[in-house]
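Engineer: So the sequence shown is numbered by the working numbering: it starts at 80 and just counts up by one.
Heads up, the beta-carbon is just placed ideally off N, CA and C, and yes, glycines get one too.
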Amino acid sequence: MRPRMNVPARWADTGETSFVEAIDWPTATIRARGRLTEPAVDLLRGSAEALRRSGHATVTLDLRAVRSADGRARDALGAFVTGVRAQHRELVVLFGPSGHHDLPDEGECP
80 MRPRMNVPAR WADTGETSFV EAIDWPTATI RARGRLTEPA VDLLRGSAEA
130 LRRSGHATVT LDLRAVRSAD GRARDALGAF VTGVRAQHRE LVVLFGPSGH
180 HDLPDEGECP
């Protein structure tokens with residue numbers, strides 16, 4: 080069994096702005112912040128798969144601190160969520176502070 084500890088945040092080189100993910104193994108929560116791009120979604124996908132393989136039935140993806148998302152990231156995130164649900168696995172996705180089920184566009188955030 081994997082040790083019960085948090086994993087240091089991982090960085091993705093997403094161009095102008097950074098993306099960080101932090102994994103909380105005991106709660107099976109992945110917290111993301113920064114600019115969400117297609118490579119960043121790929122990091123999230125790999126982390127969710129690692130949590131699932133370690134025995135977690137439910138994974139929470141916390142995107143409340145994501146500052147912006149480009150179109151390809153939105154498409155990749157949609158495909159990721161659809162794929163998880165098609166395999167009858169549970170993925171909880173938390174969106175922005177307003178609670179809307181959407182991510183801010185690149186031009187919407189300061």
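How big is the Cα-Cα spacing for A111 and L122?
Structural biologist: Approximately 10 Å, taken between the alpha carbons.
Engineer: Please determine, among A148, R131, G125, S133, the residue with the shortest C-alpha to C-alpha distance to F174.
Structural biologist: Of A148, R131, G125, S133, the residue nearest in Cα terms is A148.
Engineer: Do the CB positions of L170 and V163 come within less than 8 Å of each other?
Structural biologist: Yes; because the gap between Cβ atoms is below 8 Å, this pair is in contact.
Engineer: Per DSSP, what are the beta-bridge partners of D141 in this structure?
Structural biologist: Partner(s): R110, L173.
Engineer: Report the residue from A144, T161, R114 whose alpha carbon sits nearest the alpha carbon of G150.
Structural biologist: Answer by Cα proximity: R114.
Engineer: Under a Cβ-count criterion, where at least 16 other Cβ atoms within 10 Å of its own Cβ denotes burial, should S126 be classed as buried or exposed?
Structural biologist: So S126 counts as buried.
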